[in-house]
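Undergrad: In our numbering, the protein residues as written are 26 to 740.
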Ligand code: HDE
């Protein structure tokens, strides 16, 4: 019997996806061990042998099955974005977006659309470290009542290349050298910069990747972008162009480079752990969805082409409307099944959302569908629990490896009469997807549009938008990266073919650091304009300093204490920090209760041997003469404070704790902003909170001792 097509539900429950996933979960609690065939297993520690010292018998079906399953546990990692972490949650619009789109999930603020989000790095392999300098993926799967919509974005609004045909070249250049598979998850090497130096369209994205945006403090504190211009289609069929944005509710924050490198050793799972722990501790992760919507005929109205993914639309020119909230409140229960098997496809759209002719986007439409066939072993990956839509699926696509649905019915083709013509195509009114009727005509060509020709002016716009500290970090990052390039010709070409066209001062500083000369003095004119044609040379909103939130919510703070500490004042500071939403840990020379001078023993949950200041946002030292003497003589404690100071973090010392600051080379006269001392815990706690909420005290950067880069030897 054929089924009648059902009208799509207007208000899917947020739990619909959760229920669907739960139906696949298997819990061993209270159960017997069985084989895959359901036969109870009597022993799993010894294989079946002919005599205790004899040969193993082939008839041991449990051994064969157990080893066979183990042998095939791994699947190919993603060719890019292999390293990632994911979370479940929901999305809600603040008010109907019917004025822009007919997409059902964007109509009604009462609808909670289930989502799954995966954050990732790009270049490293699945086991690589989290805090490398890299772009971060920000991929969102919306399980809407009309089918899945995947917004597969990054934490930077532009991309390296304009046409997807160059993507394999870009990725080959940045991935480890094929001969020696070195370096892992790093762009500081010859082949990456060789490609960059020969591909000027990368200039703008290179500025982003060399900026602090490439070192997010947390996935929870970075922006997300759809990058390409998409289309929104309203109920009348009118199309508008749209840029998608995610704005983190906690504001933006980054690590400093030296800190990021250390974290890679101390805690390679830093971002993954941060996301997991935030959600486990009840701190849902939130982002607002922002839209920049312009009319179809404005694609060329801003001095550049909105089809060019190496350009951004400054929010001072077209403001970002905040239209809804994404909330991540549930951790996966099985990393492999939920995060590793998630298949995002840029081509997954729903009625009311459509593509544009951006040639980067067009290539992606093929790639994401295609890549899953190797990675997930065949064409049935949409049936995996994490990928299944909550909207019903009926079609004649069947069979293939690992097919689960057992299609029944008299006809598996269309048109048919044997199955009464079902499943039947839906009209647009019935929810059928209708592609936007864009007029297209042109001669077949491999040409790049003239409107894509400027490569440098937005790179300069970005640089101009940064604070002096952020600009300094871009200079440092370029000096570091090129400093690792062995070939002088590569270093020279990056400086002269790319940097000199962006900013003379930047080119000169980097050239000096990497031992090459600036020979070019070209400067492309600014092209970005407002609607009235006025040139735009900076976009203050691009500076992360403006995007930081003066709050200590979910920040990690270490309290250093040793035997003899004053537990009362330490507890008061801890309470004050926790009242502001911070996550506070007592760190001592050993785990467990720390014998205090006042009988109020704090409990150390970390030992100085196991953690470092780079894993925290701020540090406070307990009061107490004996405690301070112990810590001042402890190399780990001294390094803890010294590094926190060097990384411009807030530091507090209660009473005698100040001795540890002195031991760390921060004598009273050198104490700058963000170092709080005093004996009264209430006042100290208050000042410390203000200092932490500033995140970094950049004035200290000058006192940071960094070895001069020096002139690399000629090779
Ligand atoms: Fe991707 N990209 N990409 N990409 N991308 C993949 O798909 C590709 C691009 C992005 O968490 C792959 O399932 C091409 C831009 C994210 O699972 C693959 C081009 C942006 C993720 C692929 C691009 C992205 C991917 C690898 C140039 C930001 C991780 C595994 C035309 C808007 C999704 C997979 C996840 C993953 C191809 C460019 C973001 C091979 C060909 C631009 C966040 O299909």
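Backbone N, C-alpha and C fix where the C-beta goes; we use that ideal spot for every residue, glycine too.
(1) With a cut-off of 8 Å on the beta carbons, I'd call residue 605 and residue 578 a contact; round off their distance for me.
(2) Tell whether a beta-carbon distance below 7 Å holds between residue 562 and residue 549.
(3) Taking the beta carbon of residue 431 as the centre, do at least 16 other beta carbons fall within 10 Å, making it buried, or is it exposed?
(4) If we call anything under 7 Å between Cβ atoms a contact, is residue 61 one with residue 73?
(5) Between which two residues does the beta strand (DSSP E) harbouring residue 269 extend?
(6) Taking residue 174 as part of the beta strand (DSSP E), name the residues at either end of that continuous run.
(7) Between the alpha carbons of residue 287 and residue 688, how many angstroms are there, rounded?
(8) List the endpoints of the continuous alpha helix (DSSP H) containing residue 602.
(9) For residue 115, write down the residues that DSSP places opposite it in a beta bridge.
(10) Is any heavy atom in the ligand HDE found nearer than 6 Å to the beta carbon of residue 252?
(11) Verify the contact flag: residue 372, CB atom, against every heavy atom of the ligand HDE, threshold strictly below 6 Å.
(12) In three-state terms, what does DSSP make of residue 27?
(13) Using only alpha-carbon positions, find the residue among 581, 342, 585, 180 that is nearest to residue 618.
(14) Kindly indicate which three-state DSSP category residue 805 falls into: helix, strand or coil?
(15) On a CA-only basis, which of 83, 680, 556, 655 is nearest residue 324? Give me that one, please.
(16) Can you tell me where the alpha helix (DSSP H) with residue 320 in it begins and where it stops?
(17) To the nearest angstrom, report how far apart residue 30 and residue 435 are at their CA atoms.
(18) Are the beta-carbon atoms belonging to residue 724 and residue 698 less than 7 Å from one another?
(19) When DSSP labels each residue in this structure, what does residue 471 get in the three-state scheme?
(20) Under 8 Å by Cβ, that's how I've got residue 143 and residue 364 pegged, so tell me the actual separation to the nearest angstrom.
(21) Please classify residue 225 as buried or exposed, where buried requires at least 16 other C-beta atoms within 10 Å of its C-beta.
(22) For residue 157, which option in 104, 163, 145, 166 has the closest C-alpha, if you only look at C-alpha atoms?
(23) Could you pull the DSSP bridge partners for residue 74 from this structure?
(24) Going by the C-beta, is residue 244 closer than 6 Å to any heavy atom of the ligand HDE?
(25) Check whether the segment 531-541 touches the segment 448-460, counting contact only when three or more Cβ pairs, one atom from each stretch, lie closer than 8 Å.
(26) Distance, Cα to Cα, residue 588 vs residue 208?
(27) Please report how far the alpha carbon of residue 106 lies from the alpha carbon of residue 162, in whole angstroms.
(28) Going by C-alpha distance, which of 88, 192, 281, 673 is nearest residue 59?
(29) I need the straight-line Cα distance from residue 480 to residue 234, nearest angstrom please.
(30) In the DSSP assignment, find the unbroken alpha helix (DSSP H) run with residue 369 in it and report its ends.
(31) Start and end of the alpha helix (DSSP H) containing residue 389?
TA: With the given structure in hand:
(1) 7 Å
(2) no
(3) exposed
(4) no
(5) 264-273
(6) 172-179
(7) 22 Å
(8) 592-604
(9) 139, 352
(10) yes
(11) no
(12) Model confidence at residue 27 stands at a pLDDT of 38, short of 50, so the residue's coordinates are unreliable and nothing is read from them.
(13) 585
(14) The first residue shown for the chain is 26 and the last is 740, placing residue 805 beyond what the model contains.
(15) 556
(16) Unbroken run through residue 320 is the beta strand (DSSP E), 310-320; no alpha helix (DSSP H).
(17) Confidence in residue 30 is poor, its pLDDT being 41 and thus under 50, which makes the residue's placement unreliable; the coordinate value appears in the next sentence. Answer to the nearest angstrom: the Cα atoms are 16 Å apart.
(18) yes
(19) coil
(20) 6 Å
(21) buried
(22) 145
(23) 81
(24) no
(25) no
(26) 44 Å
(27) 7 Å
(28) 88
(29) 16 Å
(30) Per DSSP, residue 369 belongs to no alpha helix (DSSP H) and is neither H nor E.
(31) 384-400
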